[in-house]
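First up is the structure itself, then whatever we jot down about it.
In my numbering, the protein residues as written are 71 to 599.
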């Protein structure tokens, strides 16, 4: 049943919309839940979480992302290529006209939120969507504000899942599109319901503007210990950022996006976006509880049609099942979203070759090398078009799809900050050991937690160690609660010769990847392998 519109005085003239009376502006969570259910967008779980099916698109569509290129000086700073594809201003204006004409004819939901917990680096964001559940997602993921933006916001994201592009007319690659216009401060998202596109578009915006404010934007989670020590966890989707930073013994700052400025780190967001496939209460109690509370959004999670009971083990729609929930669902959190300069930095890599040590310490130059490399394995479902098996990949700064600028710029900022604040950096393999994917086994989560705990407590500073002769990494010999044999990867392989073959194959891949940055970075970093 169609609901009556709520008349508002929201200003949409900057989008070319002079009159639109079907706008639901800044509805509270309970109303958004009600609207979503009445609109037949979703179902309600027994615990109050909203269950949604995103349809055809269950992950990001990186091949459909563009940045508008005006040919101006600031556009020359964009790292154009396969990640940042140029889009003409003429095509953007035509597409914007069609999108705004489309949303002028249907009820829409507008949520005014903030991104950036630091007042000096905060931005006002308006999320506009056809779906109430997308507005709820915005409420969950971004920082809430009691203010309505009477003036034009700093950036506007328009999501229109029911509007399809025509590649022959609009200059896109498919019917889906994600187009960022930094000059007009507008993001257009079409054809896809997948809420991760909203989140990552805003992240891309922050990655473009914050370096000019001497802030390093980071694809990482962050938490704080009882003594005020701050830790960062870098890694791509599925490597364990959210899981490992959601530590019952520490306070969560945020699970995915942060900035590192002159007075410490700060969260970009006000919520979490966790993978939920095979989520277990005994292994991840914080995420388990938070994801099922009232107001949370569960994307593509299978449930019983009669009882609405959730099945986190079912991947029939996708392995990229997700939960969006506000940080208020987590008891042990940092309410102001800020922390000191990091004492510890962890690079998380799901190594499908099974050859990297479970944990090793890095020098600043090694840290720059592994950060610029961003090695991991793409896990099924986080992007469209992936096979069911993980694929070895390099994603600069552990977040290349979201970096508008040259990755070398972010890497140099990180190395300088590591040196300035004496942060300790650790490379953590959350992937396989004893053999490559399909032969070896995934490193158990309790072991990874024990390794990270030992690093945070300073135990590894005093532990006996050795230099791995293959990768040149410093690896500990003893960690409480972890089998000693696990710490040296070659000892876990039944065939040591095969280990060396696989390790050298990976080293070759590192070398082939890093060479693209030889004109952007110094030889001490480029020649680490």
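Glycine included, C-beta positions come from ideal geometry on N, C-alpha and C.
{"Query": "Top-ranked residue by Cα proximity to residue 293, from 561, 315 and 310", "Result": "315"}
{"Query": "Beta-bridge partners of residue 193, as assigned by DSSP", "Result": "185"}
{"Query": "Selected residue, minimal CA-CA separation from residue 561, among 547, 574 and 551", "Result": "547"}
{"Query": "Residue burial classification, residue 486 (beta-carbon count within 10 angstroms, cutoff 16)", "Result": "exposed"}
{"Query": "Segment contact flag, the stretch 167–177 with the stretch 138–157, C-beta cutoff 8 Å, min 3 pairs", "Result": "no"}
{"Query": "Beta strand (DSSP E) segment containing residue 390, residue limits", "Result": "Neither: residue 390 is in no beta strand (DSSP E) and is coded neither H nor E."}
{"Query": "Same chain only: Cβ atoms within 6 Å of residue 362, ignoring 5 sequence neighbours per side", "Result": "117 and 119"}
{"Query": "Which listed residue (439, 270, 189 and 493) has its alpha carbon closest to that of residue 586", "Result": "439"}
{"Query": "CB-CB length for residue 273 against residue 327, believed under 8 Å", "Result": "5 Å"}
{"Query": "Per DSSP, cross-strand counterpart(s) of residue 119", "Result": "Note: residue 119 sits in no beta bridge, so no partner."}
{"Query": "Residue 73 to residue 405 span [Cα, whole Å]", "Result": "For residue 73, the predicted structure reports a pLDDT of 44, less than 50, and the residue's modelled location is therefore unreliable. A value from the coordinates is still provided. Rounded to whole angstroms, residue 73 to residue 405 spans 36 Å at the Cα level."}
{"Query": "DSSP state of residue 461 mapped onto helix, strand, coil", "Result": "strand"}
{"Query": "Local Cβ density within 10 Å of residue 205, reported as buried at 16 or more and exposed below that", "Result": "buried"}
{"Query": "Pairwise C-alpha distance: residue 538 and residue 343", "Result": "36 Å"}
{"Query": "Run of the alpha helix (DSSP H) containing residue 566, from where it starts to where it stops", "Result": "566–584"}
{"Query": "When 124, 211, 252 and 134 are compared against residue 201, the one with the closest alpha-carbon", "Result": "124"}
{"Query": "Cβ pair residue 481, residue 470 closer than 9 Å", "Result": "no"}
{"Query": "Within 9 Å, strictly: CB atoms of residue 424 and residue 507", "Result": "yes"}
{"Query": "Helix, strand or coil at residue 344 [DSSP, three-state]", "Result": "strand"}
{"Query": "Nearest candidate by alpha-carbon position, reference residue 518, set 437, 418 and 468", "Result": "418"}
{"Query": "Unbroken alpha helix (DSSP H) run spanning residue 209, endpoints", "Result": "202–211"}
{"Query": "Cβ neighbour criterion (16 or more within 10 Å) applied to residue 555", "Result": "exposed"}
{"Query": "Buried or exposed (CB count within 10 angstroms, at least 16 for buried), residue 310", "Result": "buried"}
{"Query": "Given 8 Å, three or more beta-carbon pairs between the stretch 258–276 and the stretch 90–97", "Result": "no"}
{"Query": "Spatially closest choice to residue 567 from 504, 446 and 534, by CA coordinates", "Result": "504"}
{"Query": "Helix, strand or coil at residue 597 [DSSP, three-state]", "Result": "coil"}
{"Query": "The stretch 184–202 touching the stretch 220–239, judged by at least three CB pairs closer than 8 Å", "Result": "yes"}
{"Query": "Contact check, residue 475 vs residue 431, beta carbons under 9 Å", "Result": "no"}
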